[in-house]
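Below is one structure; the comments refer to it alone.
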Amino acid sequence: MSEQTFGMSRYVRHGRLIVGSVAAVGFLAKMVFAARTRGPADVFFFWAFAQHIEKVGPVRIYAHPMPRLPVYNHPPLAGWILLGLDRIARLGIEFGTLIRTPACLADFAAALLVFEIVRRRRSLRTAVACGIGVTLSPVLIPTSGYHGNTDSVAVTLALAAAWLLADRRAPVAAGVVAALSISVKFVPVVALPVLAVAAWRGGRREFARFSAALGAVLLVVWGPVLATVPGALRANVLEYKGGNFRLWGIVKFAEWLGFSNESIAVLRGPGHFVVVLVCVAAGVWPAWRRPDRAPLAVAISLSVLLLLSTASGVQYLAWPVAALFAIGLWEGLAYSALAGVLASWVYTIQKPTRWTYDQQVLGAVAWTALLVGIASGYAAVFRAREPEPGAPGEVAATAPAGAAPLGVR
233 MSEQTFGMSR YVRHGRLIVG SVAAVGFLAK MVFAARTRGP ADVFFFWAFA QHIEKVGPVR
293 IYAHPMPRLP VYNHPPLAGW ILLGLDRIAR LGIEFGTLIR TPACLADFAA ALLVFEIVRR
353 RRSLRTAVAC GIGVTLSPVL IPTSGYHGNT DSVAVTLALA AAWLLADRRA PVAAGVVAAL
413 SISVKFVPVV ALPVLAVAAW RGGRREFARF SAALGAVLLV VWGPVLATVP GALRANVLEY
473 KGGNFRLWGI VKFAEWLGFS NESIAVLRGP GHFVVVLVCV AAGVWPAWRR PDRAPLAVAI
533 SLSVLLLLST ASGVQYLAWP VAALFAIGLW EGLAYSALAG VLASWVYTIQ KPTRWTYDQQ
593 VLGAVAWTAL LVGIASGYAA VFRAREPEPG APGEVAATAP AGAAPLGVR
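Those letters in the sequence shown? Residues 233 to 641, by the working numbering.
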């Protein structure tokens, strides 16, 4: 190992330590927040779902009647997680704290993951700043520490699958993690074709290994439900279109522009599947052109999903946070600042499903920042080709020779 490479390894370790330390403090702070707050109605709903799962199991829960509760629209792995958390709660730990733990852990992992993705494509200073930005994002603090849905878990797993595939050359692990991502929440399904294309462009052997791992895990996790209650699974999960709220994005814009209720219903009905296809195409194109930048392609796909989403929910604002920081520091900061103010405002003033006009306007501004971030993501994908990971040029691409990227000597 050359002296220069050894020095860069030391700086990378320092950067990883800094990001990990800040992420650990952020995790503890969110857990304290979770322990001291009751959370929104979703915390109670998850607890109620867990009680029913204890009775009928995580497979038959989809066909089990649950009066006065919303539709159980969570993929199969979520049921097993709820069952496990309920068993742990019986040891004396508050379920309301436990249900928010996975999202807080996902944010911790996302900070390190973004650092690893960015450091291969930008300067080490930028990678450290982006990793810390994920931890300090004012969007993730309330959505994970207060709301605690599974959105952050699913998104982090999808980005991790892309990182494993493109940067670690580990198609089997990528396939496993990709399957887990859509088994926690179905949102990252738009990233599966992106990952498949990137794997195919890596060679038939890599594609075969990725597909085999993906299929095996999906068979184990989804197979029992598909064999037992396929109709209920399709209606509750695969065809779920979100609530009927018009708070964000193209649905809100359509309402402001005077579109009829019938037109908006079409947008949220058959139009929903068109939106999904557009989100897939948005990521597949850059993945085909630049498979080495699959993490950015997945980041774009996840961001476009929120941009064009026909469903509204304050917790959905968490979808593109890590993705935008993987694209760039200013992209992540701009969106996080605007969407973070919105999330905190909504959570502290009234019910998360009732936004004032001013909050909806702020949402439109955050939507614009998201659009700009996506455009920047495409620019990052098609930027001049970088050295392959591990190549001698990686050191120069990461930091100038002899420089101390973090100011540590």
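Just so it is clear, CB atoms sit at the ideal spot from N, CA and C, and this is done for glycine as well.
Among residues of its own chain, excluding the 5 on either side of residue i, which ones have a beta-carbon nearer than 8 Å to its beta-carbon?
i, result
"residue 340", "255, 256, 258, 259 and 367"
"residue 399", "348, 349, 352, 527 and 621"
"residue 496", "478, 483, 486 and 487"
"residue 274", "379, 380, 381 and 547"
Among the residues of its own chain, which have a CB less than 7 Å from the CB of residue i, if the five just before and after it don't count?
i, result
"residue 307", "414, 415, 416, 417, 418 and 469"
"residue 377", "262, 265, 266, 332 and 336"
"residue 520", "429 and 433"
"residue 613", "518, 522, 525, 528 and 529"
"residue 557", "346, 362, 365, 366 and 564"
"residue 252", "344"
"residue 371", "549, 550, 553, 568, 571, 572 and 575"
For chain D, check one thing: does any of its Cβ atoms lie closer than 8 Å to the Cβ of residue i?
i, result
"residue 279", "The structure shown contains no chain D; it is built from a single protein chain."
DSSP on residue i, reduced to helix/strand/coil?
i, result
"residue 472", "coil"
"residue 302", "coil"
"residue 563", "helix"
"residue 587", "coil"
"residue 271", "coil"
"residue 324", "coil"
"residue 382", "coil"
"residue 595", "helix"
"residue 609", "helix"
"residue 615", "coil"
"residue 453", "helix"
"residue 686", "Since the first residue shown for the chain is 233 and the last is 641, residue 686 is missing from the structure and cannot be characterised."
"residue 488", "helix"
"residue 435", "coil"
"residue 331", "coil"
"residue 620", "Low confidence applies to residue 620: its pLDDT is 42, below 50, so where it sits in the model is not reliable, and the reading given next is rough at best. Here residue 620 sits in coil by DSSP."
"residue 479", "coil"
"residue 553", "helix"
"residue 235", "No answer about residue 235 holds up, because its pLDDT of 47 lies below 50 and its placement is not dependable."
"residue 440", "helix"
Is residue i near the ligand ATP, in the sense that its beta carbon is under 7 Å from a heavy atom of that ligand?
i, result
"residue 592", "Judged by which ligands are present, the structure shown has none, so any question about the ligand ATP falls away."
Can you tell me which of the options puts its alpha carbon nearest to the alpha carbon of residue i?
i, options, result
"residue 514", "535, 494 and 487", "535"
"residue 384", "436, 345 and 510", "345"
"residue 551", "283, 567, 494 and 562", "567"
"residue 642", "296, 295 and 334", "A question about residue 642 goes unanswered here, because the residues of the chain that appear run from 233 up to 641."
"residue 312", "588, 424 and 286", "286"
"residue 590", "574, 601, 603 and 579", "574"
"residue 444", "276, 577 and 404", "404"
"residue 185", "365, 278 and 282", "It is not possible to answer for residue 185, since the shown part of the chain is limited to 233 through 641."
"residue 290", "374, 241 and 456", "456"
"residue 499", "559, 540 and 441", "540"
"residue 278", "387, 373, 303 and 268", "303"
"residue 228", "396, 452 and 476", "Absent from the model: residue 228. The displayed extent of the chain is 233 to 641, so no value can be given."
"residue 326", "354, 276, 601 and 382", "276"
"residue 561", "369, 321, 317 and 423", "369"
"residue 328", "282, 292 and 297", "282"
List the whole-angstrom C-beta distance separating residue i from residue j, where the pair is believed to meet the contact cut-off of C-beta under 8 Å.
i, j, result
"residue 356", "residue 490", "Going by Cβ atoms, the distance from residue 356 to residue 490 rounds to 50 Å, so no, they are not a contact pair."
"residue 446", "residue 411", "5 Å"
"residue 213", "residue 347", "In the structure displayed, the chain extends from 233 to 641; residue 213 sits before or after that span and is not available."
"residue 427", "residue 526", "7 Å"
"residue 472", "residue 305", "4 Å"
"residue 559", "residue 531", "6 Å"
Note down, in chain order, each residue of its chain lying with its Cβ closer than 6 Å to the Cβ of residue i, except the 5 sequence neighbours on either side.
i, result
"residue 272", "379 and 584"
"residue 425", "512 and 516"
"residue 546", "575, 578 and 584"
"residue 639", "Only weak support is given to the placement of residue 639: the predicted model assigns it a pLDDT of 37, under 50, and the question is left unresolved by the model."
"residue 439", "431 and 432"
"residue 421", "414"
"residue 342", "366, 388 and 554"
"residue 374", "575, 576 and 579"
"residue 407", "442, 445 and 446"
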